[in-house]
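Mind the numbering: the sequence shown is residues 1 to 424 in the UniProt record's numbering, read in order.
We put the beta carbon where it would ideally sit given N, CA and C, even for glycine.
For clarity, every value in this text was computed on a predicted model and none was experimentally measured.
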Amino acid sequence: MSWVLGLSIAFLTALGAPIFVALLSGAALVLLLFPGPPLIALQQTIFGGLDAYALLALPFFVFAGELMAVSGIADRLIGLVRALFGRLPGSLGIAALGGSTLIGTICGSSAAAVAAVGRNMYPQLIANGYGQRRAAGLITSSGAIDIVIPPSIAMILYGAAAEQSIPKLFIAGIIPGVLMAMMMAGYISVSALLSRLPREQAFRAQIAWVAFRQAVWALTMPVVVLTGIYAGFFSPTEAGGFACAYAAFLGLIVYRSITFSDLLGAATRSAMLTAKIMIVVAAAGVISWVLTVEGIPQALIAATAEAGLGPLGFLLTVNMLLLAIGCFLDPTSAILVLAPLLVPIAVSLGIDPIHFGVVMTVNLAIGMFTPPFGLNIFVAQSVLGVRAGEIYRGVLPFMAVQVSALALITTIPALSLWMLQGMK
């Protein structure tokens, strides 16, 4: 049964079928060919897979990201980072990285960060000697941090699939996300120094103050959202709703950079993207149910025990598996399909499921810009107008940096769990 399921999904995916079509077709084929639950269970499971309170946060954060992109919030955040780090080697590249990371603290969408930062920073990076390949690689890879830094859409999906606390996952992603950003910044700075790229103007308190005043409203959004979640004032779902309302308030009232027509357009695009995600959620729920009914997770746990893999050996094996899968599947599909399979094995080996969630998310974040099918590559190609081959070569150094960060996050659980000490 598992061979029929896996081969049918792989075959349909290779033919170019949408991932939800491949998943549902594979599940339907198994129910038709093998004795077990009736085919009507397929329909019931599709709708049952969407009946999760945690998933309500998803459309809110997607909408908040759209509003942030059209209202100019991203431009103000990038301007602040440039004012603060102007004299560092590679300051312009660090500004692109910092802007992308700050955007991630608002919407948790990697694709939104690539689009917003790319439109603003790519022409300036080219004008300052970064070159097409390096500039495209930097922007494409920087966006991946956004699905690790809270609030993260990938963390929400993992929490729903693995039945883990989303606030705890958000907290666990802070230090790993900052570590990834710092290692990226270090590489950008050293690379720029060796290449003798021009620096921006020196830090000036007056310019920094002006940039801060322009960005202060935008900066308060992640602070209020995350503080509210961790202090218990509202749930992640309510926080997402607040982020939408606040982003609309900034765009319509404070910055006056959008109209109600822009608001409606952002809502329409958010609804379409949410629908695309939710149909994959429903299809992945069917696959998880079929595998559970057939006892596949239990069989994998037994096989892992027989193989004698310890916690570290299992995590390294999972890293190699997810890095390979991330080249072909988007994080949404990979998390929803694999988390129900892998989390029970991790727990049976004594691995904290929150730490495992961070490791899984970081792996798939790297997959977002890994050739040949990383989602960020296609977003960057569309926004920047750069050939895919140039982006492939541009992201390779940044892949090495982030894989190094992944190795640290995998082998040092405290990086994920230290901030959770004392939490119930």
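{"Asked": "Rounded Cβ spacing between L23 and V286 (contact assumed at less than 8 Å)", "Found": "7 Å"}
{"Asked": "Among V81, L264, L342, L417, the one whose alpha carbon lies nearest that of E163", "Found": "L342"}
{"Asked": "Where Q132 sits in the DSSP three-state scheme", "Found": "helix"}
{"Asked": "8 Å CB neighbourhood of Q381 in its chain, flanking five on each side removed", "Found": "R387, A388, I391"}
{"Asked": "Buried versus exposed, by CB contacts within 10 Å (16 or more), Q402", "Found": "buried"}
{"Asked": "At least three beta-carbon pairs within less than 8 Å, the segment 185-192 to the segment 93-107", "Found": "yes"}
{"Asked": "Proximity below 9 Å, CB of V359 to CB of I277", "Found": "no"}
{"Asked": "First and last residue of the uninterrupted alpha helix (DSSP H) at R393", "Found": "388-411"}
{"Asked": "W217 versus L250: straight-line alpha-carbon distance, rounded", "Found": "7 Å"}
{"Asked": "Rounded C-alpha distance that separates S25 from A14", "Found": "14 Å"}
{"Asked": "Sequence-distant residues of its chain with Cβ nearer than 6 Å to I351 (five each side left out)", "Found": "P311"}
{"Asked": "Terminal residues of the alpha helix (DSSP H) in which W209 lies", "Found": "205-230"}
{"Asked": "Neighbourhood of A172 by C-beta, 8 Å cutoff - its chain only, sequence neighbours within 5 removed", "Found": "I354, H355, G357, V358, S416, L417, M419, L420"}
{"Asked": "Nearest candidate by alpha-carbon position, reference R288, set G241, A27, L273", "Found": "Checking the sequence shown, residue 288 turns out to be Ser, not Arg. The option with the nearest alpha carbon to S288 is A27."}
{"Asked": "For V4 and P344, the rounded distance between their alpha carbons", "Found": "23 Å"}
{"Asked": "Burial state of G367, where buried means 16 or more other Cβ atoms lie within 10 Å", "Found": "buried"}
{"Asked": "Inter-residue CB distance, V363 and F369 (contact presumed, cutoff 8 Å)", "Found": "Here residue 363 is Asn; the residue named in the question, Val, does not match the sequence. That pair is no contact at about 12 Å."}
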